[in-house]
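Participant: Protein chains in written order, with my numbering: chain B, 5 to 360; chain L, 214 to 521.
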């Protein structure tokens, strides 16, 4: 008990002198799933490890796994501040309100909220990756690879981030295969292996032969392997499922950003920011395309990725209509970030409604 | 029907329902002996991790299932000792058991995330499984699915037709009377609790070894609570527990399939539908007071002490 009290006191002291040089700079991470999900939370934790490796004894990192989005997240963040965190990365969309509430109460602590848009206080920055660029590449591969012309998509929550991914994948699948059809199942969870597996099997029973997921566990990969269809790694490489069912993947590469931001915070050059980077700067990576993909498709997919990285091509380039047939982007017109960030509609050709 | 294949739906329904069916049939026997164990969720998740560790370590799914049942039974023994010998409150002890199970399993499973267990083989040969309609529905499963149905039959027959069943029911209806007839109330209840724990553990192992299959912290995600609801839903009748479990699994499987088939139905409503059905059924059951009262074991949840 005495030890606990001492620890708590030390924590309070550390929080009080957030930028003191003599003790290590403490960086906290809040994860929505377990770090062993081998998906979303796993990659954020790889970013944490990159920070440790880059700064050694000068930093100390702490983390909390499987923190539900909502009111309890606020308690966990406040707890981290009390433990002496100088900077906290909150790594899921649903942490937005909690992050800002805790930031308002602790102006000396820096907050970085992933995939969010709320920056109500000067000590809150947001960052995200242009995952839709990766979706374009795997959509391209999927369009080529599907024989049943039905692509399955396990979606989580109907938020712009997820809708953007569905649209981008569909647009690029249709570009190479005009007959392609997209089936979307909403699971209302980021991480529930049983539900994700059931959703995968439901899609497979509907004739889907290419599976994409916007949920965090590898359960859909297992289901794809059982059914002998192909799938794509999500958030993490999921390389243990290569060469099939996983034929490629979208990898979230947070390490360089985390290292840069922690460095800026320590040397005092840190400024509030809103970062949204894609394949070009390396925040989104395309995992190795396996031999299960024909060579010419691998080449064209790589060319697509390269042109996106070079800034020569934008995945949302007109002519594109909304689902209801109204015009969205004219020929050659490129979507602006504002529309993309608030995307709440399907593009023309996708069937079904987005739940609200 | 709506572009959904009823055969694959039925096959998926059976697989999705098996974990909750196993847990429910175990809890039914526990409650029939007059004990209310609310720790089903905790026992299931302990079964899930114990089964997973054993299966991955030995490479044998069967040892995994045995270890899952043993893990659930071991946890239930804690409950048994606390409630039967130390006379603790059954509701509070059961809730504590769930919390303990969730925490303990997370600790045990730390090194086991992201591993794929060896696959559990199907019971019947390929030729039978390829048959039209009956193949996927009747012959397309693994041993545990058939075991779960056999267990329901055995419990139904055992409770109604055997001397053991009569004794269990007697203890559950009036433990003082059973005691004065010379039955070992505490020993009988401990055995029932162990049976319930083993069933819940087996259900948990089915989740981590067949249905997902991988280990994840908190992966039971409320299945234990659904199993508890099914026992009441079934008004303590084994075959009704089977219907309840399949209804639950069926709605869950159906709603994902309706979405996949692009049927225009509000998703949020579908997601909530198993719970809505449970509430409706509970309301219907409880309107008929006499029947509900007849079926509930009279000594359910009451503490027994051989002092009189």
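Cβ atoms here follow ideal geometry from the backbone N, Cα and C, with glycine treated the same way.
#1: If you draw a straight line from the alpha carbon of residue 274 of chain B to that of residue 264 of chain B, how long is it in whole angstroms?
#2: Quick one: what does DSSP say residue 233 of chain L is sitting in, helix, strand or coil?
#3: Identify, in the order they occur along the chain, each residue of the same chain with its Cβ nearer than 6 Å to the Cβ of residue 296 of chain B, setting aside the five sequence neighbours on each side.
#4: Rounding to the nearest angstrom, what Cα-Cα distance links residue 397 of chain L and residue 388 of chain L in this structure?
#5: Give the DSSP bridge partners of residue 333 of chain B, in chain order.
#6: Inspect the CB distances between the segment 325–337 of chain B and the segment 345–358 of chain B and report whether three or more fall short of 8 Å.
#7: Can you pull the chain L neighbours of residue 222 of chain B, defined as C-beta to C-beta under 9 Å?
#8: Please report the Cβ distance between residue 406 of chain L and residue 250 of chain L, rounded to the nearest whole angstrom; I am assuming they are in contact, meaning their Cβ atoms lie under 8 Å.
#9: Would residue 25 of chain B pass as an interface residue toward chain L - the criterion being a Cβ-Cβ separation below 7 Å?
#10: Three-state secondary structure (DSSP) at residue 472 of chain L?
#11: Our contact map puts residue 357 of chain L next to residue 318 of chain L with C-beta atoms below 8 Å; I'd like the distance itself, whole angstroms only.
#12: Please confirm if the segment 412–424 of chain L is in contact with the segment 250–260 of chain L, defined as three or more CB-CB distances below 8 Å between the two stretches.
#13: Taking only the alpha-carbon atoms, compute the straight-line gap between residue 138 of chain B and residue 265 of chain L and give it to the nearest angstrom.
#14: Below 6 Å CB to CB, which residues in the same chain sit around residue 282 of chain L once its five sequence neighbours on both sides are set aside?
#15: Against chain L, which members of the segment 190–213 of chain B pass a CB distance test of less than 7 Å?
#16: With 7 Å set as the bound, which would you pick, yes or no: does the beta-carbon of residue 351 of chain L sit closer than that to a beta-carbon of chain B?
#17: Sorted by chain position, which residues of the same chain lie with C-beta nearer than 6 Å to residue 364 of chain L's C-beta, five sequence neighbours on each side aside?
#18: Can you give me the C-alpha to C-alpha distance between residue 292 of chain L and residue 309 of chain L, rounded to a whole angstrom?
#19: Using the beta-carbon of each residue, which ones in chain L are nearer than 9 Å to residue 355 of chain B?
#20: Which residues in chain B have a C-beta closer than 7 Å to the C-beta of residue 480 of chain L? List them in chain order.
#21: By how many angstroms is the C-alpha of residue 127 of chain B removed from the C-alpha of residue 112 of chain B?
#22: Would you decide whether residue 231 of chain L is buried or exposed? Buried here means 16 or more other CB atoms lie within 10 Å of its CB.
#23: The ligand ZN heavy atoms versus the CB of residue 336 of chain L: any closer than 6 Å?
#24: Per DSSP, residue 280 of chain B forms a beta bridge with which residues?
#25: So is residue 38 of chain B in contact with chain L if we call contact Cβ pairs under 7 Å?
#26: Under three-state DSSP, which class holds residue 237 of chain B?
#27: With DSSP collapsed to three states, give me the class of residue 256 of chain B.
#28: Please state the DSSP three-state secondary structure of residue 34 of chain B.
#29: Let's see if you can read the secondary structure: which residues bound the alpha helix (DSSP H) around residue 402 of chain L?
#30: Taking the beta strand (DSSP E) that residue 114 of chain B belongs to, which residues open and close that run?
#31: At a cut of 8 Å, does the segment 298–312 of chain L reach the segment 320–338 of chain L through at least three beta carbon pairs?
#32: Below 8 Å on the Cβ atoms is my contact criterion, and I expect residue 241 of chain L with residue 459 of chain L to pass it. Report the Cβ-Cβ distance as a whole number of Å.
#33: Does DSSP put residue 351 of chain B in a helix, in a strand, or in coil?
#34: Measure from the C-beta of residue 432 of chain L to each C-beta in chain B and report whether the shortest distance is under 7 Å.
#35: Please classify residue 358 of chain B as buried or exposed, where buried requires at least 16 neighbouring CB atoms within 10 angstroms.
#36: What ranges does the beta strand (DSSP E) occupy inside the segment 152–182 of chain B, keeping only unbroken runs of at least 3 residues that lie completely in it?
Facilitator: According to the structure data:
#1: Your numbering for residue 274 of chain B matches position 270 in the first chain. Your numbering for residue 264 of chain B matches position 260 in the first chain. Taking the straight line joining both Cα atoms gives about 10 Å.
#2: As a first step, residue 233 of chain L must be located in the second chain, where it is residue number 20. Here residue 233 of chain L sits in helix by DSSP.
#3: Residue 296 of chain B sits at position 292 when you count from the first residue of the first chain. If we look at residue 296 of chain B and ignore the five residues flanking it on each side, its Cβ neighbours are 247, 248 and 251.
#4: If you number the second chain from 1, residue 397 of chain L lands on position 184. If you number the second chain from 1, residue 388 of chain L lands on position 175. Cα to Cα, the separation comes out at about 9 Å.
#5: Locating residue 333 of chain B in the first chain gives position 329, counting from the first residue. According to DSSP, which records beta bridges pairwise, residue 333 of chain B is partnered with B:324.
#6: Short answer: they touch.
#7: For this step, residue 222 of chain B is matched to residue 218 along the first chain. Chain L residues near residue 222 of chain B: 327, 329 and 427.
#8: Translated into positions along the second chain, residue 406 of chain L becomes position 193. Translated into positions along the second chain, residue 250 of chain L becomes position 37. Confirmed, Cβ separation roughly 6 Å.
#9: If you number the first chain from 1, residue 25 of chain B lands on position 21. Interpretation of residue 25 of chain B is limited by its pLDDT of 48, a score under 50 that renders its predicted location unreliable; the figure taken from the coordinates is listed afterwards. No, because no Cβ of chain L sits closer than 7 Å to the Cβ of residue 25 of chain B.
#10: What you label residue 472 of chain L is simply residue 259 of the second chain in a count that begins at 1. Correct three-state label for residue 472 of chain L: helix.
#11: Here residue 357 of chain L corresponds to residue number 144 of the second chain, with the count starting at 1. Here residue 318 of chain L corresponds to residue number 105 of the second chain, with the count starting at 1. Contact flag wrong, Cβ pair sits at about 20 Å.
#12: Between the segment 412–424 of chain L and the segment 250–260 of chain L, the count of C-beta pairs closer than 8 Å reaches three or more; the two stretches touch.
#13: For this step, residue 138 of chain B is matched to residue 134 along the first chain. For this step, residue 265 of chain L is matched to residue 52 along the second chain. Their backbone Cα atoms lie some 34 Å apart in a straight line.
#14: Here residue 282 of chain L refers to the residue found at position 69 of the second chain. The answer, listed in chain order, is 411, 414 and 415.
#15: 190, 192, 196, 197, 198, 201, 202, 203, 205, 206, 207, 209 and 210
#16: Here residue 351 of chain L corresponds to residue number 138 of the second chain, with the count starting at 1. So, not an interface residue.
#17: For the purposes of this step, residue 364 of chain L is taken as residue 151 along the second chain, with counting starting at 1. Hits under 6 Å: 238.
#18: The sequence position of residue 292 of chain L within the second chain is 79, counting from 1. The sequence position of residue 309 of chain L within the second chain is 96, counting from 1. Using only the alpha carbons, I get a separation of about 9 Å.
#19: To locate residue 355 of chain B, count along the first chain from 1; it is residue 351. Per Cβ cutoff of 9 Å: 475.
#20: As a working note, residue 480 of chain L is residue 267 in the second chain. Against chain B, the beta carbon of residue 480 of chain L has neighbours under 7 Å at 190 and 359, listed in chain order.
#21: The sequence position of residue 112 of chain B within the first chain is 108, counting from 1. The sequence position of residue 127 of chain B within the first chain is 123, counting from 1. Going by the C-alpha atoms only, they are around 8 Å apart.
#22: Position 18 of the second chain, counted from the first residue, corresponds to residue 231 of chain L. So residue 231 of chain L counts as buried.
#23: Summarising the ligand content, the structure contains no ligands, and the ligand ZN is consequently not present.
#24: As a working note, residue 280 of chain B is residue 276 in the first chain. Answer is B:132, bridged to residue 280 of chain B.
#25: Taking the first residue of the first chain as 1, we reach residue 38 of chain B at position 34. Yes - at least one Cβ of chain L is within 7 Å of the one on residue 38 of chain B.
#26: Translated into positions along the first chain, residue 237 of chain B becomes position 233. In this structure, residue 237 of chain B counts as strand in the three-state DSSP scheme.
#27: One-based indexing of the first chain puts residue 256 of chain B at position 252. Reduced to three states, the DSSP call for residue 256 of chain B is strand.
#28: Residue 34 of chain B sits at position 30 when you count from the first residue of the first chain. The answer is strand: DSSP assigns residue 34 of chain B an E or B state.
#29: Looking up residue 402 of chain L in the second chain gives position 189. It spans 398–419 - the alpha helix (DSSP H) in which residue 402 of chain L sits, taken as one unbroken run.
#30: As a position in the first chain, residue 114 of chain B is number 110, starting the count at 1. Segment 114–118, the beta strand (DSSP E) holding residue 114 of chain B.
#31: Not touching, per the Cβ criterion.
#32: The residue labelled residue 241 of chain L in the question sits at position 28 within the second chain. The residue labelled residue 459 of chain L in the question sits at position 246 within the second chain. No, residue 241 of chain L and residue 459 of chain L are not in contact; Cβ-Cβ is about 15 Å, not under 8 Å.
#33: Position 347 of the first chain, counted from the first residue, corresponds to residue 351 of chain B. Residue 351 of chain B: strand per DSSP, three-state reduction.
#34: Translated into the one-based positions of the second chain, residue 432 of chain L becomes position 219. Cβ-Cβ to chain B under 7 Å: yes for residue 432 of chain L.
#35: By 1-based counting over the first chain, the position of residue 358 of chain B is 354. Counting C-beta atoms within 10 angstroms of its own C-beta, residue 358 of chain B has 16 or more neighbours from the protein chains shown and is therefore classed as buried.
#36: Within the segment 152–182 of chain B, the complete beta strand (DSSP E) segments of 3 residues or longer fall at 154–159, listed in chain order.
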